[in-house]
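Everything on this sheet refers to the single structure shown next.
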Amino acid sequence: FATSLVFVQCISNSIFAKGALLVLGGRTGQKVPWHLFALAAGSYVAAMLCSNMALQYVSYPTQVLVKSCKPVSVLLLGIIIAGKRYPLVRYLCVGLIVGGAAIFLYPKDKPAVAKMEGNELVGNLFLAGSLLCDGLTGALQEKTNA
Numbered sequence: 001f002a003t004s005l006v007f008v009q010c011i012s013n014s015i016f017a018k019g020a021l022l023v024l025g026g027r028t029g030q031k032v033p034w035h036l037f038a039l040a041a042g043s044y045v046a047a048m049l050c051s052n053m054a055l056q057y058v059s060y061p062t063q064v065l066v067k068s069c070k071p072v073s074v075l076l077l078g079i080i081i082a083g084k085r086y087p088l089v090r091y092l093c094v095g096l097i098v099g100g101a102a103i104f105l106y107p108k109d110k111p112a113v114a115k116m117e118g119n120e121l122v123g124n125l126f127l128a129g130s131l132l133c134d135g136l137t138g139a140l141q142e143k144t145n146a
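Numbering (the numbering used here), first residue to last: 1 to 146.
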């Protein structure tokens, strides 16, 4: 089901993008290599698949909280891949987002060291893969828009 859902979403996105290009007119003279678009599309699809697969192993609130840390991966991979430089305020904002997610993700009544079950570990690995792919997508988008 997750794969079908991602497929339908990607087809819908493609139709909408083509319509927007026809109505608004695309950029002319754009010299971005197609392999960058293909990598960005592939990483987007992989991120969506990983997110949906993670829901089989972790709760939806856990997925939302972990995915709220997406700006960290976008920031780091933007620096590494796209060679971006960000203002200090951006780092502070990302730190506040992650700090807020950590407060909700790790409540005080939970033991400091909790043993993770096998299924939960698989779900968290899918979420880590999703964050990595999200960061790659963001970095490639910044590289193509540079």
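Using N, Cα and C, we set each Cβ at its ideal position, and we do this for glycine too. What you are looking at is a predicted structure, and each value in this text was computed from that prediction instead of being measured.
| Query | Result |
| --- | --- |
| Tell me where the alpha helix (DSSP H) around ILE81 begins and ends. | ILE81 -> no alpha helix (DSSP H), and no H or E assigned at all. |
| Starting from SER43, trace the alpha helix (DSSP H) both ways and give me its first and last residue. | 34-54 |
| Could you round the C-beta distance between TYR57 and ASN145 to whole angstroms and report it? I think they count as a contact, below 8 Å. | So it is not a contact: roughly 35 Å between Cβ atoms. |
| Decide yes or no for the touch test of the stretch 17-24 against the stretch 121-134: beta carbon pairs closer than 8 Å, at least 3 of them. | no |
| Could you pull the start and end residues of the alpha helix (DSSP H) that VAL6 belongs to? | 2-24 |
| Could you check the C-alpha separation between GLY95 and LEU140 for me, to the nearest Å? | 22 Å |
| By the 10 Å Cβ neighbour count, where 16 or more other Cβ atoms means buried, how is VAL8 classified, buried or exposed? | exposed |
| For GLY138 and LEU92, which I take to be in contact (beta-carbon distance under 8 Å), what is that distance rounded to the nearest angstrom? | That pair is no contact at about 19 Å. |
| Measuring CB to CB, does MET48 end up less than 7 Å from VAL6? | yes |
| Whole angstroms is fine: what's the gap from PRO87's alpha carbon to VAL32's? | 26 Å |
| Decide if PRO61 is buried, meaning its Cβ has at least 16 other Cβ atoms within 10 Å, or exposed. | exposed |
| Looking only at C-alpha atoms, which of ASN13, GLY99, SER12 sits nearest to PRO71? | GLY99 |
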